[in-house]
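K.L.:
There are 2 protein chains.
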Amino acid sequence: MARQKEFDENRVLRKAMVLFWQNGYEKTSMQDLVNHMNIHRRSIYDTFGDKQTLFLRALQLFEENVERRIQQQIKPITSVRLAIRELFEMAVYSNDGSPAGCLIVNTAIELTAHNQEIADRISKSFSKTETFIYELLLRGQMSGELSNQLDLGKLAASIHNSFIGIRVLAKTTDDKEKILNIIDSTLAVLD
Amino acid sequence: MARQKEFDENRVLRKAMVLFWQNGYEKTSMQDLVNHMNIHRRSIYDTFGDKQTLFLRALQLFEENVERRIQQQIKPITSVRLAIRELFEMAVYSNDGSPAGCLIVNTAIELTAHNQEIADRISKSFSKTETFIYELLLRGQMSGELSNQLDLGKLAASIHNSFIGIRVLAKTTDDKEKILNIIDSTLAVLD
DNA sequence: CCCATTCTAGAACGCTCATTCTAAAAAGGC
DNA sequence: GCCTTTTTAGAATGAGCGTTCTAGAATGGG
């Protein structure tokens, strides 16, 4: 055996994630990462590989965080309306000092056209979220909260599309009330 | 007098616009611009200023093009539903060989957080589009096509939000039918 | 204590970036 | 034909990029 790692891998990866989230892939330089992760340049390469691999790890961490919050905070909610509202508001209010908006949507815009691996990841991520919304709607129909007349497939796709829009606005607007109003209107289709 | 410009300023600016539209600001290098605009590096600086100024001109050209198409293709449509549908489909189908998606939405994601001038431009652009949708809805109410019960302000904000989502999906998906279905569902709120 | 490993430090690599330069060729008005 | 301007061409600048390097200090297990 030998000397142990002195930094918490997840903690420094989180720092990288926040940087990419805030500034995007291209605008985040290795020097920025060195400065904010507070470990040596060499340690970054040894631990995470090159910049692109580090980015993929950061994206993965972001997705895991979202998934955890969905499992813990959204799934237990009995009312479908409230669950979707909570899902949307998760993207509007960052619990800690994390950046506005969503790394997945940012990445979709910045890198999808230039990197097939990332394009697949984004596509899968979008599908997963849309499917989750679909399952919420289905649960709502079975519990009687929602009408049986609704076309859940189309509805899930449409609500998911609105969710993407909200994550763009969350990055570009600081008018929270406007976004909350949009959430209200979006949910009104369930009535 | 002296020698005249040999290139059409608008034609080469359009080339720059397409590059920024396709690749984003950071991923488009001056060398890329020199290669595709087919004029000398020096001529670019003399005619358009530095990279950022050139980008602002390209963004302006994009907005003008959108505005022209709205005036010519959308405004004459009598049915509000059809007008909004046409507006949305404009973003899905690029008439000529122009890139998928929307330079304004791309720029909102990439540059809003780092450049106040651009943030203001994007904000103004979003407001303008939302106002246009509002005016369409108002016209629909006055003509009797839409119910008087609808809250047009909230509705315009919500439809505009969906429009942003569609312009993200237009860049990241090539499943046109899925987007058309989303447009259907989005317009269903007018029924 | 020694060895293996990982940390730190900072220089160095080769490349690309945006921008500016010198220089000469082209073209229209006097 | 000269003057002015714009074109071309391509090199040069200085900074920053991602990545790798040499070198030494720290630390834990045998």
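Chains as they are written, first to last, in the working numbering: chain A, 25 to 215; chain B, 25 to 215. Idealized CB from N, CA, C, for every residue including glycine. Fair warning: this is a prediction, and the values are worked out from it, not measured in the lab.
Alpha carbons only, please: which of Leu-78(A), Leu-162(A), Arg-145(A), Thr-136(A) is nearest the one belonging to Arg-105(A)?
P.N.:
The residue labelled residue 105(A) in the question sits at position 81 within the first sequence. Checked all of Leu-78(A), Leu-162(A), Arg-145(A), Thr-136(A); the closest Cα to Arg-105(A) is Leu-162(A).
K.L.:
With Gly-189(B) as the anchor, note down where its alpha helix (DSSP H) starts and where it stops.
P.N.:
Here the question's residue 189(B) lines up with position 165 in the second sequence. Per DSSP, Gly-189(B) belongs to the alpha helix (DSSP H) from 176-196.
K.L.:
For Ser-118(B), tell me which candidate among Lys-51(B), Ile-101(B), Val-42(B) has the shortest Cα-Cα distance.
P.N.:
The residue you call residue 118(B) lines up with position 94 of the second sequence. Considering only alpha carbons, the answer is Val-42(B).
K.L.:
For Asp-70(A), does the three-state DSSP call read helix, strand or coil?
P.N.:
Looking up residue 70(A) in the first sequence gives position 46. The answer is helix: DSSP assigns Asp-70(A) an H, G or I state.
K.L.:
Take Leu-127(B) as the anchor and find which of Gln-96(B), Val-192(B), Thr-77(B) has the nearest alpha-carbon.
P.N.:
As a position in the second sequence, residue 127(B) is number 103, starting the count at 1. Ranking the options by Cα distance to Leu-127(B), first place goes to Val-192(B).
K.L.:
Once the 5 residues before and after Ala-26(A) are set aside, which same chain residues still bring their CB inside 8 Å of it?
P.N.:
Translated into positions along the first sequence, residue 26(A) becomes position 2. Because Ala-26(A) sits at a pLDDT of 47, beneath the cut-off of 50, its placement in the model cannot be relied upon, and the following sentence gives the value as read from the coordinates. Nothing listed; no residue qualifies.
K.L.:
Note down, in chain order, all residues in the segment 39-68 of chain A with a beta-carbon under 9 Å from any beta-carbon belonging to chain B.
P.N.:
Listed in sequence order: Gln-46, Asn-47, Gly-48, Tyr-49, Glu-50, Lys-51.
K.L.:
Taking only the alpha-carbon atoms, compute the straight-line gap between Phe-86(B) and Ala-40(B) and give it to the nearest angstrom.
P.N.:
Stepping through the second sequence from its first residue, residue 86(B) is reached at position 62. Stepping through the second sequence from its first residue, residue 40(B) is reached at position 16. Distance between the alpha carbons of Phe-86(B) and Ala-40(B): 11 Å.
K.L.:
Just reading off the alpha helix (DSSP H) that Glu-50(A) is part of, what are its end residues?
P.N.:
Locating residue 50(A) in the first sequence gives position 26, counting from the first residue. No alpha helix (DSSP H) holds Glu-50(A); DSSP gives it neither H nor E.
K.L.:
Is Ser-182(A) closer than 8 Å to Ala-181(B) when the C-beta atoms are compared?
P.N.:
Indexing the second sequence from 1 puts residue 181(B) at position 157. Indexing the first sequence from 1 puts residue 182(A) at position 158. Their beta carbons are not under 8 Å apart, which means Ala-181(B) does not touch Ser-182(A) by this criterion.
K.L.:
Three-state secondary structure (DSSP) at Asn-119(A)?
P.N.:
As a first step, residue 119(A) is located in the first sequence; it is residue number 95 there, counting from the start. Reduced to three states, the DSSP call for Asn-119(A) is coil.
K.L.:
Give me the subset of the segment 190-201 of chain A whose CB atoms are less than 8 Å from a CB atom of chain B, sorted by chain position.
P.N.:
From the segment 190-201 of chain A, only Ile-190, Val-192, Leu-193, Lys-195, Thr-196, Thr-197 have a Cβ closer than 8 Å to chain B.
K.L.:
Count the C-beta pairs between the segment 91-102 of chain B and the segment 88-107 of chain A that are closer than 8 Å, then say yes if the count reaches three, no if not.
P.N.:
With a cut-off of 8 Å, the segment 88-107 of chain A and the segment 91-102 of chain B do not count as touching, because too few Cβ pairs lie within range.
K.L.:
Does DSSP put Ser-149(A) in a helix, in a strand, or in coil?
P.N.:
Against the first sequence, residue 149(A) aligns to sequence position 125. Helix at Ser-149(A).
K.L.:
To which residues of the same chain is Phe-72(B) closer than 8 Å at the C-beta, ignoring the five residues directly before and after it?
P.N.:
Start at 1 with the first residue of the second sequence, and residue 72(B) comes out as number 48. Contacts found: Leu-37, Ala-40, Leu-78, Arg-81.
K.L.:
So which residues of chain B does Asp-208(A) contact, with C-beta pairs closer than 9 Å?
P.N.:
The residue you call residue 208(A) lines up with position 184 of the first sequence. Those within 9 Å of Asp-208(A) in chain B are Lys-178, Ser-182.
K.L.:
Using only the alpha-carbon positions, how far apart do Glu-88(A) and Ile-108(B) sit?
P.N.:
For this step, residue 88(A) is matched to residue 64 along the first sequence. For this step, residue 108(B) is matched to residue 84 along the second sequence. Rounded to whole angstroms, Glu-88(A) to Ile-108(B) spans 37 Å at the Cα level.
K.L.:
May I ask you to list, following chain order, the residues of the segment 141-154 of chain B that have a beta carbon less than 9 Å from some beta carbon of chain A?
P.N.:
Answer set for the segment 141-154 of chain B: Ala-143, Ile-146, Ser-147, Phe-150.
K.L.:
For Glu-134(B), go through chain A and note every residue whose CB falls closer than 9 Å to its CB, in chain order.
P.N.:
Taking the second sequence and counting its residues from 1, the one referred to as residue 134(B) is at position 110. Those within 9 Å of Glu-134(B) in chain A are Gly-48, Glu-50, Lys-51, Asn-130, Ile-133, Glu-134.
K.L.:
Any beta carbon of chain B sitting closer than 8 Å to that of Glu-213(A)?
P.N.:
Residue mapping note: residue 213(A) aligns to position 189 of the first sequence, counting from 1. In the sequence under discussion, the amino acid at residue 213(A) is Val, which differs from the Glu named in the question. Yes, because at least one Cβ of chain B sits closer than 8 Å to the Cβ of Val-213(A).
K.L.:
Can you tell me the Cα-Cα spacing of Asn-205(A) and Leu-214(A), whole angstroms?
P.N.:
Working through the first sequence from its first residue, we reach residue 205(A) at position 181. Working through the first sequence from its first residue, we reach residue 214(A) at position 190. One C-alpha to the other measures close to 15 Å.
K.L.:
Any C-beta of chain B sitting closer than 8 Å to the C-beta of Ile-188(A)?
P.N.:
Residue numbering aside, residue 188(A) sits at position 164 when the first sequence is read from its first letter. So, interface residue.
K.L.:
Have a look at Lys-131(B) and Ala-212(A) and give me their C-alpha separation to the nearest angstrom.
P.N.:
What you label residue 131(B) is simply residue 107 of the second sequence in a count that begins at 1. What you label residue 212(A) is simply residue 188 of the first sequence in a count that begins at 1. Lys is not the amino acid found at residue 131(B); the sequence shown has Thr there. Roughly 30 Å separates the two Cα atoms.
K.L.:
How many angstroms separate the CA atom of Val-116(A) from the CA atom of His-184(A)?
P.N.:
Your numbering for residue 116(A) matches position 92 in the first sequence. Your numbering for residue 184(A) matches position 160 in the first sequence. Their backbone Cα atoms lie some 15 Å apart in a straight line.
K.L.:
How many whole angstroms separate the CB atoms of Ile-133(B) and Ile-133(A), which I take to be in contact at a CB cut-off of 8 Å?
P.N.:
By one-based count along the second sequence, residue 133(B) stands at place 109. By one-based count along the first sequence, residue 133(A) stands at place 109. Indeed, because the Cβ distance is near 5 Å, the residues count as touching under 8 Å.
K.L.:
Taking Cβ-Cβ distances below 7 Å as the criterion, which residues of the segment 159-176 of chain A are in contact with chain B?
P.N.:
If the cut-off is 7 Å between Cβ atoms, the segment 159-176 of chain A has nothing near chain B.
K.L.:
Quick one: Cα of Asp-175(B) to Cα of Gly-125(A), how far?
P.N.:
For the purposes of this step, residue 175(B) is identified with residue 151 of the second sequence, where counting begins at 1. For the purposes of this step, residue 125(A) is identified with residue 101 of the first sequence, where counting begins at 1. Each residue's alpha carbon lies about 27 Å from the other.
K.L.:
Please decide whether Ala-26(B) counts as near chain A, where near means a Cβ-Cβ distance under 8 Å.
P.N.:
Your numbering for residue 26(B) matches position 2 in the second sequence. Caution applies to Ala-26(B), whose pLDDT of 48 falls short of 50 and renders its modelled position unreliable; the value that the coordinates give is listed next. Closer than 8 Å: no.
K.L.:
Please report how far the alpha carbon of Leu-135(A) lies from the alpha carbon of Ala-194(B), in whole angstroms.
P.N.:
The residue labelled residue 135(A) in the question sits at position 111 within the first sequence. The residue labelled residue 194(B) in the question sits at position 170 within the second sequence. Straight-line Cα distance between these residues: approximately 14 Å.
K.L.:
Which residues of chain B have a Cβ atom closer than 7 Å to the Cβ of Ala-115(A), listed in chain order?
P.N.:
Along the first sequence, read from residue 1 onward, the residue named residue 115(A) stands at position 91. The contacting residues do not exist; Ala-115(A) stays about 12 Å from chain B at best.
K.L.:
Mind checking if Ala-82(A) is an interface residue toward chain B, Cβ cutoff 8 Å exclusive?
P.N.:
As a working mapping, residue 82(A) is identified with position 58 in the first sequence. Answer no: the Cβ-Cβ gap between Ala-82(A) and chain B never drops below 8 Å.
K.L.:
Give every residue of the same chain whose Cβ lies closer than 7 Å to the Cβ of Ser-186(B), excluding the five residues on either side of it in the sequence, and list them in chain order.
P.N.:
Numbered from its first residue, the second sequence carries residue 186(B) at position 162. Contacts found: Thr-210.
K.L.:
Residues in its own chain within less than 7 Å of Asn-172(A) by CB, not counting five upstream and five downstream?
P.N.:
Here the question's residue 172(A) lines up with position 148 in the first sequence. Correct list, in chain order: Gln-165.
K.L.:
Could you have a look at Gln-173(B) and say whether DSSP puts it in helix, strand or coil?
P.N.:
Against the second sequence, residue 173(B) aligns to sequence position 149. Of the three classes helix, strand and coil, the one that applies to Gln-173(B) here is coil, per DSSP.
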